[in-house]
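Residue 74 in numbering that gives the first Met the number 0 sits at position 75 of the sequence shown, and the numbers go up by one each step.
Just so you know, even glycine gets a beta-carbon here, dropped at the ideal spot from N, CA and C.
For clarity, every value in this text was computed on a predicted model and none was experimentally measured.
Before any comments, here is the structure.
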Amino acid sequence: MSATLTSPLDEAALGPDVRVASRTIDRFARAHDASHYLLVPDAVLVPQDAASVARVFGAVRAAGRTLTFRSGGTSLSGQGVTGDVMVDTRSAFRGISVSADGTSVAAQPGATVRQVNTRLARFGRKLGPDPASEIACTIGGVVADNSSGMACGIVENSYRTIESMLLVLPSGTILDTGAPDALAQLRDREPEIARGLQHLRDRLRGDPRLSAEVARQFSMKNTMGYGLNSLLDFDDPVRILEHLVIGSEGTLAFVAEARFRTIPIQPAISTGLLVFDTLSDAMAALPGLTALGLATIELMDAASLRVAQGLSAVPDAIAGIEVQGHAALLVEVHAPDAAALAEGKAAALAHVASLPLTTPARMTEDPAERGELWTVRKGLYTAVAGARPSGTTALLEDIAVPVERLLGVCEGLTALFERHHYEGCVIFGHAKDGNVHFLVNERFDDPEALRRYEAFTEDLVELVLAQGGTLKAEHGTGRIMAPFVRRQYGDVLTDIMWEIKGLIDPDGILNPGVVLSDDPSSYLADLKLVPTVEGEVDRCVECGYCEPTCPSKDVTLTPRQRIVLRRDMAAALHRGEVEVAAEIARDYDYDAVQTCAVDGMCGVACPVDINTGDLVRRLRAEEAGRLEQGVWNVAAKGWGAITRGGGLALNVAQALPAPLATGVTRAARAVLGADTVPLYDARLPGGGSRAPQARNPVDAQAVLFGSCIGTMFGPEPRSLSERSETKGGEGSREAVRLLLERAGISYSVPPDAGGLCCGTPWKSKGQLDGYTTMTERVLPALWAASRQGALPVVCDAASCTEGLHVMLAKAVAERPEYAALRIEDATTFLAREVLPKLTVRERIGSVAVHPTCSTTQLGANDALRALAAAVADEVYVPEGWGCCAFAGDRGMLHPELTASATAVEAAEVAAAGVDRGGFDAYVSANRTCELGMSRATGQPYRHVVEVLEELTRA
0 MSATLTSPLD
10 EAALGPDVRV
20 ASRTIDRFAR
30 AHDASHYLLV
40 PDAVLVPQDA
50 ASVARVFGAV
60 RAAGRTLTFR
70 SGGTSLSGQG
80 VTGDVMVDTR
90 SAFRGISVSA
100 DGTSVAAQPG
110 ATVRQVNTRL
120 ARFGRKLGPD
130 PASEIACTIG
140 GVVADNSSGM
150 ACGIVENSYR
160 TIESMLLVLP
170 SGTILDTGAP
180 DALAQLRDRE
190 PEIARGLQHL
200 RDRLRGDPRL
210 SAEVARQFSM
220 KNTMGYGLNS
230 LLDFDDPVRI
240 LEHLVIGSEG
250 TLAFVAEARF
260 RTIPIQPAIS
270 TGLLVFDTLS
280 DAMAALPGLT
290 ALGLATIELM
300 DAASLRVAQG
310 LSAVPDAIAG
320 IEVQGHAALL
330 VEVHAPDAAA
340 LAEGKAAALA
350 HVASLPLTTP
360 ARMTEDPAER
370 GELWTVRKGL
380 YTAVAGARPS
390 GTTALLEDIA
400 VPVERLLGVC
410 EGLTALFERH
420 HYEGCVIFGH
430 AKDGNVHFLV
440 NERFDDPEAL
450 RRYEAFTEDL
460 VELVLAQGGT
470 LKAEHGTGRI
480 MAPFVRRQYG
490 DVLTDIMWEI
500 KGLIDPDGIL
510 NPGVVLSDDP
520 SSYLADLKLV
530 PTVEGEVDRC
540 VECGYCEPTC
550 PSKDVTLTPR
560 QRIVLRRDMA
570 AALHRGEVEV
580 AAEIARDYDY
590 DAVQTCAVDG
600 MCGVACPVDI
610 NTGDLVRRLR
620 AEEAGRLEQG
630 VWNVAAKGWG
640 AITRGGGLAL
650 NVAQALPAPL
660 ATGVTRAARA
670 VLGADTVPLY
680 DARLPGGGSR
690 APQARNPVDA
700 QAVLFGSCIG
710 TMFGPEPRSL
720 SERSETKGGE
730 GSREAVRLLL
740 ERAGISYSVP
750 PDAGGLCCGT
760 PWKSKGQLDG
770 YTTMTERVLP
780 ALWAASRQGA
790 LPVVCDAASC
800 TEGLHVMLAK
810 AVAERPEYAA
820 LRIEDATTFL
830 AREVLPKLTV
840 RERIGSVAVH
850 PTCSTTQLGA
860 NDALRALAAA
870 VADEVYVPEG
880 WGCCAFAGDR
890 GMLHPELTAS
900 ATAVEAAEVA
910 AAGVDRGGFD
920 AYVSANRTCE
930 LGMSRATGQP
940 YRHVVEVLEE
950 LTRA
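Right under this line is the structure:
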């Protein structure tokens, strides 16, 4: 395999607005998706709009190449990988436009389902498709795969809820299917396609037997092959084309924008777990439960229940049973209001009372209990995939059969697992649709295991097709089932599919080998090998759930890419491709290590609980020399002086002409490195104040742990115009102290408070010796100040609160008594204990709130909003908020990281500010995050407690 390639295309033909990424690290990073296939593209193209995609098509055709679209990379069947040209349709295609009443939405292919639904939530509406991967899967993939989910079935998927599309056809024709003259345009610009679709429509309709078979195939969830039902469902060639593109997996056209009819959110929900002695009993109950109109009926087989019993939170319904052949159905009633829910719940319970249940049925509306029940269902993938042997690949497959045949298919699957010696397999899925998923682990570097997989697949195809089912219900045909389309549909219908492909993409430039393949063994080619690398990330399944929340995703790499590149380097060395490994390694330090914010948001999103920051911190530790480790260890012993010195340096820099101070730091960065010397700019504040003095009153009710950030950085002015005139307010440390006193809550402060730190500066940089030193100083001090855990420790900076949590968790193994320490962020403590005792003397009209990665991980976002709501009539939280990536000093070391991470939120805040004539305040919960957002927006972000303190003064 070659290393860095030049572009295989004529860049002049592509045009200046198509970026070409051909570095080795770029190609390998984008090679991986959630499937078990791996192909490395020769180049990655990043077009900006529909017109540039049309030029890409022309350039690819002229070069005799082919292309594959890639958006979210969550597809499971191999439809998003290529060894030729990859086209990134996520980076520049993220637009979302909601109609005035929310009944329709237009979204570009790079927008995630969650982002679209967040925009729709204010209207009480959502998209019809509800895939489980909604946090990361994008509109492009949802349309391309005709994705469904737990509730939408076949009545609210993309096929049924699409209103129109903006298409780019392989010829370069751009067609808006919603235009009044769309049919005339199609006939004029693509006459062969218009005539050909009419001909195929009439031919299929003229054969009653074939028409009936198509209707039968698509009466269930079915993403095998092309959607031939469009030839029966629509007369207009434009509508036929539009609906053929849905589910075509990027083989027929590019969808530059999709416009959907939205559906109402049913906010009143009740959830129950029905446990049966046998799978047969559960399946026998299914028709009656389906007739009740339940929104969700999720099946879990006996193996699933055994896995669930090993989870940290196990519902009472299954906790005490000895699982034999049991099965469970997770059911939900959805309703528009409480009255309708009560009626639906009563009907469900009345029906369930007659069923042969192992344990009594119970339904709940409590969010915590409902979350626990769903943890059982959603935790299955996490538990099985996360515990798989290192070096194996987790295969999540899906099939569908007529509901009345589901029992036989589930029993048959269990028998296949036993016959082929697949252990720990689970069956679960959407029972009311006859759609189940199963999970197996396989090792593709073992020829014997590969033969086993081939034999298993053949038996699976026989089993499903014998029961009148489909080999792919939701995940798309992809590469995995393309060779079996002819087995499922027969020769005539499959030949019609090939005619459709030839009609619309006559040169075959779009995603060859996907959806259709005449090579019976093509599904066994290009299988992904998963070499063992590091313990922190070995269990990664490459699902991509981490990517939308990653602050570096648009400037360098994502967490998934950081992990897969480690695997790629190991695999390249194993193959003897030293040059490939060296080229990846050359760019890895900056792209993967230095520009990672180690904010931990990837761990929040990851289904197998990987925080890629743990890997990055260890790599930084390995890179740190003995001298550097020693310097940071000394700093941990005298941190108070260090922070005071830093604050003094900022005061000096602020007194100097800004270009001079900036020039000095630029020169130092040039000599010592950009990852060593922070870059000063005029937007930074002056230094902060001294830490509070130690105190230990007898009646103390809390310990105040003032963040050292308050010593390093001064508070933000009330407006940025004040920066040259005043140091601004009192800062969050002082604000918390004043609020505690105002509420009559006595507090203590540990000795040498200015020299104590949460340890994050050491941990994030991989300075392990210094981190240990600081831990050995901080926790004993807090243990004593809190009177051995009797008093809560309240911290004024969310990232520091989180840092203390991490420090405590690491120390408890050796000092179990420290488990009694209670460390709480000021936002949650003040919202609960202080706010009820305060009187707001003056309210402001509006406040813009920036939640942080730390408030998210601490579960403090609601408290942050509550404090803001206590002082403002309107609390505005941007829908596109995310980690600012300032990350301590990371935003000063690499300003480009913070600029990229905050771009979307900053634009949203600016637009919202224009609509309101400006906000009265801009708040967050952490000083460095406030610096990042002030820099990004040009507005003065302050800690919410500062605003609260000012507006509750007597």
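CB contact flag (T557, R643, <8 angstroms): Here residue 557 refers to the residue found at position 558 when the sequence shown is read from its first residue. Here residue 643 refers to the residue found at position 644 when the sequence shown is read from its first residue. Not in contact: T557 and R643 (Cβ atoms no closer than 8 angstroms).
Give me, in chain order, the residues of the same chain whose beta-carbon lies closer than 8 angstroms to that of T391; leave out the 5 immediate sequence neighbours on both sides. Indexing the sequence shown from 1 puts residue 391 at position 392. If we look at T391 and ignore the five residues flanking it on each side, its Cβ neighbours are N440, E441, R442, V529.
Go through its chain and collect everything with a Cβ distance to L647's Cβ below 8 angstroms, but skip five positions before and after it. On the sequence shown, position 648 is the one that residue 647 refers to. Cβ neighbours of L647 beyond the five flanking positions: G686.
Reducing DSSP to helix, strand and coil, say where F92 ends up. Locating residue 92 in the sequence shown gives position 93, where the first residue counts as 1. Three-state DSSP puts F92 in coil, outside helix and strand.
From what residue to what residue does the alpha helix (DSSP H) around F122 run? One-based indexing of the sequence shown puts residue 122 at position 123. No alpha helix (DSSP H) holds F122; DSSP gives it neither H nor E.
Where H942 falls: helix, strand or coil (DSSP): The sequence position of residue 942 within the sequence shown is 943, counting from 1. It is a strand residue.
Tell me where the beta strand (DSSP E) around D608 begins and ends. Locating residue 608 in the sequence shown gives position 609, where the first residue counts as 1. Unbroken run through D608: none, as it is neither H nor E.
What does the alpha-carbon distance come out to for the pair R915 and C424? Along the sequence shown, one-based indexing puts residue 915 at 916. Along the sequence shown, one-based indexing puts residue 424 at 425. Each residue's alpha carbon lies about 55 angstroms from the other.
Quick one: residues in its chain with C-beta nearer than 7 angstroms to the C-beta of G407, no 5 flanking neighbours on either side, listed in chain order? Position 408 of the sequence shown, counted from the first residue, corresponds to residue 407. Within the same chain, G407 has close Cβ partners Q466.
Among G705, E841, V846, R202, whose alpha-carbon lies nearest the alpha-carbon of L781? Looking up residue 781 in the sequence shown gives position 782. When each option's Cα is compared against that of L781, the closest is G705.
Among G127, S747, R741, which one has its Cα closest to the Cα of V697? Taking the first residue of the sequence shown as 1, we reach residue 697 at position 698. When only C-alpha atoms are compared, the closest one is S747.
Among the residues of its own chain, which have a CB less than 7 angstroms from the CB of F27, if the five just before and after it don't count? Here residue 27 refers to the residue found at position 28 of the sequence shown. Taken in chain order, the residues that qualify are V39, L564, D567, I583.
Rounded straight-line distance, which links the Cα of I843 to that of E724: The residue labelled residue 724 in the question sits at position 725 within the sequence shown. The residue labelled residue 843 in the question sits at position 844 within the sequence shown. Its pLDDT being 43, under 50, E724 is placed unreliably in this model, and the coordinates cannot settle the point.
Distance check for C928 and P684, CA to CA, integer angstroms please. Along the sequence shown, one-based indexing puts residue 684 at 685. Along the sequence shown, one-based indexing puts residue 928 at 929. Looking at the two C-alpha atoms, the distance is approximately 13 angstroms.
Which residues in the same chain as S132 place their Cβ atom closer than 6 angstroms to its Cβ, once the five residues preceding and following it in sequence are excluded? In the sequence shown, counting from the first residue as 1, residue 132 sits at position 133. Cβ neighbours of S132 beyond the five flanking positions: T73.
Kindly indicate the opening and closing residues of the alpha helix (DSSP H) around E492. Here the question's residue 492 lines up with position 493 in the sequence shown. One detail in the question is off: residue 492 reads as Leu in this sequence, not Glu. Segment 484-503, the alpha helix (DSSP H) holding L492.
Does T270 come within less than 8 angstroms of chain D when only Cβ atoms are used? Of the protein chains in this structure there is only one, and it is not chain D.
Which residues in the same chain have their Cβ closer than 8 angstroms to the Cβ of I173, if we skip the five residues on either side of it in sequence? Numbered from its first residue, the sequence shown carries residue 173 at position 174. For I173, where only same-chain residues beyond five positions count, the Cβ hits under 8 angstroms are A49, A50, A53, L165, L166, V167, A255.
Please classify R260: does DSSP put it in a helix, a strand, or coil? Taking the first residue of the sequence shown as position 1, residue 260 is located at position 261. Correct three-state label for R260: strand.
For A62, I'd like the list of residues in its chain whose CB is within less than 8 angstroms of its CB, leaving aside the five on either flank, ordered along the chain. Against the sequence shown, residue 62 aligns to sequence position 63. Closer than 8 angstroms at Cβ, skipping near neighbours: P7, L8, D9.
Rounded C-alpha distance that separates E801 from A596: In the sequence shown, counting from the first residue as 1, residue 801 sits at position 802. In the sequence shown, counting from the first residue as 1, residue 596 sits at position 597. Their Cα atoms are separated by approximately 15 angstroms.
E721 versus G730 - alpha carbon distance: Here residue 721 refers to the residue found at position 722 when the sequence shown is read from its first residue. Here residue 730 refers to the residue found at position 731 when the sequence shown is read from its first residue. With a pLDDT of 47 at E721, under the threshold of 50, the predicted position of this residue should be treated as unreliable, and no value is reported.
Inspect the beta-carbon positions of L956 and L415 and report whether they are closer than 8 angstroms. In the structure as shown, the chain begins at 0 and stops at 953. Residue 956 is therefore absent and cannot be evaluated.
Is I239 helix, strand or coil when you go by DSSP? On the sequence shown, residue 239 is found 240 positions in, with the first residue counted as 1. Helix at I239.
Could you tell me whether the Cβ atoms of G477 and T65 are closer together than 8 angstroms? The residue labelled residue 477 in the question sits at position 478 within the sequence shown. The residue labelled residue 65 in the question sits at position 66 within the sequence shown. No, the pair does not count as a contact, with Cβ atoms beyond the cut-off.
In terms of residues, what are the limits of the alpha helix (DSSP H) holding I317? Within the sequence shown, numbered from 1, the residue matching residue 317 stands at position 318. Start and end: 315-318.
For P266 and L649, I'd like the C-alpha separation in whole angstroms. In the sequence shown, residue 266 corresponds to position 267, counting from 1. In the sequence shown, residue 649 corresponds to position 650, counting from 1. Looking at the two C-alpha atoms, the distance is approximately 51 angstroms.
State the beta-bridge partners of M600 as determined by DSSP. For the purposes of this step, residue 600 is taken as the residue at position 601 of the sequence shown. None, per the DSSP bridge assignment.
The alpha helix (DSSP H) enclosing C409, as first and last residue numbers: Taking the sequence shown and counting its residues from 1, one reaches residue 409 at position 410. From DSSP, the alpha helix (DSSP H) with C409 extends over 405-418.
P15 to G57, Cα distance in whole Å? Counting from 1 along the sequence shown, the entry for residue 15 is found at position 16. Counting from 1 along the sequence shown, the entry for residue 57 is found at position 58. Answer to the nearest angstrom: the Cα atoms are 15 angstroms apart.
Taking the alpha carbon of P355 as the point to measure from, which residue in V874, A341, A283 has its own alpha carbon closest? Numbered from its first residue, the sequence shown carries residue 355 at position 356. Comparing Cα positions, the closest option is A283.
Tell me whether I69 sits in a helix, a strand or coil according to DSSP, three-state version. Residue numbering aside, residue 69 sits at position 70 when the sequence shown is read from its first letter. Reading off the sequence, residue 69 comes out as Arg, not Ile. Residue state, collapsed to three classes: strand.
Just to check my reading of the structure: S899 and T851 have Cβ atoms closer than 8 angstroms, yes? What is that Cβ distance to the nearest angstrom? Looking up residue 899 in the sequence shown gives position 900. Looking up residue 851 in the sequence shown gives position 852. Going by Cβ atoms, the distance from S899 to T851 rounds to 17 angstroms, so no, they are not a contact pair.
The ligand MG and E342: does any heavy atom of the ligand fall closer than 7 angstroms to the residue's C-beta? The ligand MG is absent from the structure shown, which contains no ligand whatsoever.
Supposed contact pair G754 and G917 - C-beta distance, whole angstroms, cut 8 angstroms: Residue 917 sits at position 918 when you count from the first residue of the sequence shown. Residue 754 sits at position 755 when you count from the first residue of the sequence shown. G917 to G754, Cβ: 41 angstroms. No contact.
Using a Cβ distance threshold of 8 angstroms, determine whether the region 590-608 contacts the region 735-751, with at least three qualifying pairs required. no
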